[in-house]
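Undergrad: Going by the numbering used here, the final residue of the sequence shown carries number 398, and the count climbs one at a time with no gaps. Cβ coordinates follow ideal geometry from the N, Cα and C atoms, glycine included. Just so you know, these numbers come straight off a predicted model, no measurement behind them. Take this structure, written in structure tokens, and hold onto it; I'll ask about it next.
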Amino acid sequence: MRLLVTGGAGFIGANFVHGSVRDHEVTVLDALTYAGSREALAPVAGDIRLVEGDVTDAELVTKLVAEADAVVHFAAETHVDNALADPEPFLRSNVVGTFTILEAVRRHGVRLHHVSTDEVYGDLELDTRRRFTEETPYNPSSPYSSTKAAADMLVRAWVRSYGVRATISNCSNNYGPYQHVEKFIPRTITNVLTGRRPKLYGSGANVRDWIHVDDHNAAVWRILADGQAGRTYLIGAECERDNLTVIRTILTLMGRDPDDFDHVTDRAGHDLRYAIDPTPLYDELGWAPKHTDFDEGLRATIDWYRDNESWWGPLKDVVEAAYEERGQ
Ligand code: NAD
Ligand code: DAU
71 MRLLVTGGAG FIGANFVHGS VRDHEVTVLD ALTYAGSREA LAPVAGDIRL
121 VEGDVTDAEL VTKLVAEADA VVHFAAETHV DNALADPEPF LRSNVVGTFT
171 ILEAVRRHGV RLHHVSTDEV YGDLELDTRR RFTEETPYNP SSPYSSTKAA
221 ADMLVRAWVR SYGVRATISN CSNNYGPYQH VEKFIPRTIT NVLTGRRPKL
271 YGSGANVRDW IHVDDHNAAV WRILADGQAG RTYLIGAECE RDNLTVIRTI
321 LTLMGRDPDD FDHVTDRAGH DLRYAIDPTP LYDELGWAPK HTDFDEGLRA
371 TIDWYRDNES WWGPLKDVVE AAYEERGQ
């Protein structure tokens, strides 16, 4: 298949590209923002075409879509704290960008998979076993999640109004190699590696449902292959952990005192808990996560960051300076 992967130089997209080049012809379209890097694609540089460009550039997008059999749309601004500080790029990349992709796949009749987030559903109470399903109403809390929700709505409207062949997936929190050091798990690991104390927002009671990036991408492939056009699939690995437990586990795995972290200012509007019910993905598409031992996944991720300081090192000081300014 000739695949166009938007955002393929970011965390999840780069891992997706690494796993796709053996069997497919891959073009990556990425604006190489602060979150994207050529280095993340270095292991497959000879096997792909990397086009540096913006998903809001209609002319470029239309040309690349016309040359593809399918588009996997990862490109987005993704960090909640950045969206709180400056929402404008999120509106542009996430909403206008998705609109631009939709118009191009409509014109050329190309299959689209749109990658989205569980944050579109808002949050769940801490003291409940309820989980998000396909039927959960959208209720986004943050500038980031509201732009992702808007993008999802555009995809649904283009499916119904124009018969665009698109699927959507809403996944929970990913972790693994090449995740930007602004995000919780890599930030915590690289804080320890650089002699900084990890930071916990608020009390740390907030719960996230963790999934290894390779399991997310395997699910995206199952959906691309056998998903039903117009459907939404929720992706999650049934691995809920509160942030306090995650930070203490990482510290312990890195040989530190589990309480060697700072409590910092809480995130505004901080979502309490996310949890995905992935049953339809098991039953209908035969997908199941392979990385089911979270501590083992964290250990491997710690090893990866230890071995790849050349990739994340240049980003670290800038990120921490921005956090410091925000009191986080
Ligand atoms: P990331 O921030 O690591 O990477 C995003 C990539 O998109 C970067 O390479 C960036 O350069 C590129 N990009 C941003 N704006 C662009 C634009 N206007 N034009 C072209 N390229 C642009 O993000 P990620 O964590 O890999 O997330 C990828 C996708 O998966 C996003 O759509 C995100 O909403 C979704 N998602 C992420 C998670 C998670 O836990 N990280 C979970 C569920 C869904
Ligand atoms: O749920 C899917 C979403 O997961 C994706 O759509 C987003 O793109 C992705 O960034 C992620 O969003 P979160 O806000 O959940 O991830 P983040 O890594 O920023 O934070 C995870 C939790 O850890 C959250 O409750 C905030 C907290 N946190 C974060 C940082 C950076 C801390 O306690 N300390 C920190 O230093």
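#1: Thinking just about the alpha-carbon of each residue, which of D365, A115, V114 and L120 is nearest to the one in L102?
#2: Hey, would you say T217 sits closer than 7 Å to F160, going by beta carbons?
#3: Tell me which residues share the same chain as Y352 and place their Cβ nearer than 8 Å to its Cβ, disregarding the 5 neighbours each side in the sequence.
#4: Does the distance from the C-beta atom of T258 to that of P268 stay below 7 Å?
#5: Out of D124, L304, Y232 and A289, which has the shortest C-alpha to C-alpha gap to V166?
#6: Near T362, what residues of its chain come up, given a Cβ to Cβ distance below 6 Å and the 5 sequence neighbours on each side ignored?
#7: Going by CA-CA distance only, name the one from V142, Y303, P348 and G274 that's closest to V334.
#8: Sorted by chain position, which residues of the same chain lie with C-beta nearer than 7 Å to L172's C-beta, five sequence neighbours on each side aside?
#9: Taking the straight line between their C-alpha atoms, what separation do you get for S215 and A115?
#10: Tell me C241's beta-bridge partners as DSSP assigns them.
#11: Leaving out five residues on either side along the sequence, give the residues of the same chain with a beta carbon under 7 Å from the beta carbon of H286.
#12: When DSSP builds the beta bridges, which residues end up paired with L120?
#13: In its own chain, which residues sit with a C-beta less than 6 Å from the C-beta of R301, not counting the 5 before and 5 after it?
#14: Over what stretch of residues does the beta strand (DSSP E) that includes T76 continue unbroken?
#15: Across which residues does DSSP place R311 in a beta bridge pair?
#16: Could you tell me which of L294, G246, N313 and E252 sits nearest to V283, measuring between CA atoms?
#17: Let's test the definition: count the other Cβ atoms within 10 Å of the Cβ of N378 and tell me whether it reaches 16, buried, or not, exposed.
#18: Tell me, to the nearest whole angstrom, how far the beta carbon of L194 is from that of L134; I am working on the premise that it is less than 8 Å.
#19: Which partner residues does R181 have in the DSSP bridge list?
#20: With D332 as the anchor, note down where its beta strand (DSSP E) starts and where it stops.
#21: Apart from the five residues just before and just after L314, which ones in its own chain have a Cβ nearer than 6 Å to its Cβ?
#22: Kindly provide the ranges of any alpha helix (DSSP H) runs that are 4 or more residues long and lie completely inside the region 199-233, ordered along the chain.
#23: Under 6 Å: does the beta carbon of L270 sit that close to some heavy atom of the ligand DAU?
#24: In whole angstroms, give me the CA-to-CA distance for D332 and S211.
#25: Whole angstroms is fine: what's the gap from M71's alpha carbon to E354's?
#26: If you draw a straight line from the C-alpha of Q298 to the C-alpha of D188, how long is it?
#27: If H149 and E308 are in contact, beta carbons under 8 Å, what's the gap, nearest whole angstrom?
#28: Per DSSP, what kind of secondary structure is A370 in: helix, strand or coil?
#29: Which of the three DSSP states is assigned to Y271 in this structure?
#30: Kindly indicate which residue of G192, I281, L130 and Y191 has the alpha-carbon position closest to the one of I255.
#31: Could you tell me the distance, in whole angstroms, from the CA atom of E204 to the CA atom of D222?
#32: Specify the secondary structure class of A338 as computed by DSSP and reduced to three states.
TA: In terms of the structure at hand:
#1: Residue L120 is the option with its Cα nearest to L102.
#2: yes
#3: A358
#4: For the pair T258 and P268, the CB atoms are nearer than the 7 Å cut-off.
#5: D124
#6: none
#7: If we check each option's Cα against that of V334, G274 comes out closest.
#8: In its chain, beyond the 5 residues on either side, L224, V225, W228 and V234 have a beta carbon closer than 7 Å to the beta carbon of L172.
#9: For S215 and A115, the distance between alpha carbons rounds to 32 Å.
#10: T187 and I305
#11: I82, C241, N244 and I305
#12: V98
#13: T237
#14: R72 to T76
#15: When DSSP reads this structure, R311 sits in a beta bridge with R278.
#16: G246
#17: exposed
#18: Their Cβ separation, rounded to whole angstroms, is 38 Å, which puts L194 and L134 out of contact at 8 Å.
#19: A140
#20: D332 to V334
#21: G274
#22: 213-232
#23: yes
#24: If I take the Cα positions, the gap works out to 26 Å.
#25: M71 and E354 have their alpha carbons spaced roughly 23 Å apart.
#26: 19 Å
#27: That belief does not hold up - the Cβ atoms of H149 and E308 are roughly 25 Å apart, past 8 Å.
#28: helix
#29: strand
#30: I281
#31: 13 Å
#32: Taken through DSSP and simplified to helix, strand or coil, A338 comes out as coil.
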